[in-house]
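If you're matching positions, the sequence shown starts at 57 in this note's numbering and goes up one per residue.
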Amino acid sequence: MSFTADVKFQICQEELDDSDSKVQLCALFLMKGSVHINWQGMYLSFQSENAAISKHVFKLFKSMYDVNPRLSILKKMQLKKNNIYRIQIYEKAQEILEDLQIMTDTGLHSCPPSKMIRSEKKARAFLQGCFLGSGSINDPKTTNYHLEMSTSDEHFANLIVKAMEKFYIPAKITIRKNNYVVYIKAGEKIEDFLRLCNASKALMDFVETRSLRDFYNSMSRLDNCTLANEVKTIKAGKKQLEYIEALEKNKTKVKVSEKIQRVMEIRKKYPEASLNELCDECYLEYGEVISKSGMKHRLNKIKEMAMEFMEEKE
């Protein structure tokens with residue numbers, strides 16, 4: 057089972073009251089349902105490749121409206137050949153649409169009314185329905201953090217964004233293949249979404265994976281920083297050896313103090329040592345306590361004296 061399917065399965069297991077069930081079913085039907093008219097009259101159809109969602113929708117229609125939905129299972133003949141679960145309702149079609157506020161005196165609507173999600177409780181049920189209908193979350197173990205829901209209606213997409221704002225989850229909208237895709241990329245905000253959906257197990261898996269990834273990424277950045285510092289130290293040491301060589305070749309032309317001479321000898325012995333390590337070696341070799349800034353000052357002095365001869369050579 058994919059991570060998305062696991063989240064949807066957990067959402068379907070939650071017990072909702074009739075009021076929240078109505079909001080969730082409204083969002084789900086607008087995402088995946090359709091209205092048909094034939095010689096017998098109006099009927100409703102809902103189809104999904106997810107067995108848990110299909111079972112959930114079947115139970116909601118049956119318990120809320122006392123109807124007998126027809127369930128048929130179709131086999132896809134292309135790609136993965138998944139099952140398609142189709143639910144058809146021939147009873148009380150108009151009554152159901154009016155109760156879900158999909159049909160009003162002004163006709164059929166492709167987006168639920170804003171008043172339906174005015175409270176946080178209703179907004180939460182609405183977002184659950186939207187995610188069940190068209191949502192997906194990338195598996196945090198294999199790729200970047202990404203959650204999205206899509207709809208063909210721009211107003212519907214804006215309503216999803218507004219519902220998320222109630223829970224301080226900032227979402228953005230992009231257009232993809234004539235659909236409006238609402239998406240989140242921040243890991244902590246995806247955690248908040250899973251939390252409001254009551255997908256507890258998926259939330260724990262996501263948090264654990266995210267914590268491990270962030271830890272390993274931090275370690276990797278630290279290793280890269282350490283490596284960069286080591287390369288920098290080696291390059292600096294190599295250059296300082298060139299300055300020392302220039303001074304030694306011209307020792308009759310320049311006066312080098314004992315303190316500078318000590319640093320030159322230590323650097324030659326330890327060409328890849330850092331400043332702190334040079335300080336330690338200087339103490340062990342000569343018993344002289346020297347600070348990091350003091351060591352840096354002496355090395356700069358060596359460079360300053362050597363540059364005169366290196367420029368002359370050039």
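Note that the Cβ used here is the ideal one computed from N, Cα and C, for glycine as well.
Tell me where the alpha helix (DSSP H) around residue i begins and ends.
i	result
isoleucine 332	In the sequence as presented, isoleucine is not what sits at residue 332; that position holds asparagine. Element bounds for asparagine 332: 331-342.
tyrosine 121	107-121
histidine 211	210-221
arginine 126	Per DSSP, arginine 126 belongs to no alpha helix (DSSP H); it is in the beta strand (DSSP E), 126-131.
isoleucine 323	It should be pointed out that residue 323 corresponds to arginine in this sequence rather than to isoleucine. Element bounds for arginine 323: 314-325.
serine 190	176-190
isoleucine 225	Per DSSP, isoleucine 225 belongs to no alpha helix (DSSP H) and is neither H nor E.
glutamate 247	243-252
alanine 255	Segment: none, alanine 255 is in no alpha helix (DSSP H) and carries neither H nor E.
What would DSSP say about residue i, mapped onto helix, strand or coil?
i	result
glutamine 144	strand
valine 63	helix
asparagine 138	coil
glutamine 69	coil
leucine 100	strand
asparagine 94	strand
aspartate 74	helix
serine 347	coil
threonine 160	strand
glutamate 328	coil
valine 79	helix
asparagine 306	coil
lysine 311	coil
methionine 265	For the sequence presented, residue 265 should be read as threonine rather than methionine. Note: threonine 265 maps to helix in three-state DSSP.
threonine 289	helix
lysine 353	Checking the displayed sequence, the identity of residue 353 turns out to be histidine instead of lysine. Helix at histidine 353.
Counting C-beta neighbours from all protein chains within 10 Å, is the total for residue i 16 or more, i.e. buried, or is it exposed?
i	result
lysine 88	buried
isoleucine 381	Residue 381 lies beyond the residue range present for the chain, which begins at 57 and ends at 370; the question has no answer from this structure.
glutamate 370	Legend: pLDDT at glutamate 370 = 45, less than 50; position of this residue unreliable, value from coordinates given subsequently. Flag for glutamate 370 reads exposed.
proline 327	exposed
tyrosine 299	buried
glutamine 96	exposed
glycine 343	exposed
aspartate 76	buried
lysine 131	exposed
glycine 243	buried
arginine 232	exposed
tyrosine 224	exposed
tyrosine 236	buried
Would you please state the rounded distance, in angstroms, between the beta carbons of residue i and residue j? I believe it to be under 8 Å.
i	j	result
tyrosine 99	alanine 149	5 Å
proline 168	cysteine 281	Not a contact, Cβ separation roughly 51 Å.
asparagine 254	glutamate 70	5 Å
leucine 203	isoleucine 193	5 Å
isoleucine 143	phenylalanine 114	6 Å
For residue i, list the residues DSSP reports as bridge partners.
i	result
threonine 230	Val237
serine 170	Answer by DSSP bridge pairing: none, since serine 170 is not bridged.
isoleucine 193	Leu203
glycine 89	Phe102
I'd like the span of the beta strand (DSSP E) that includes residue i, first residue to last.
i	result
glutamate 204	203-207
Does the beta carbon of residue i come closer than 7 Å to any beta carbon on chain B?
i	result
lysine 325	Checking the listed chains, one finds no chain B in this structure; it contains a single protein chain.
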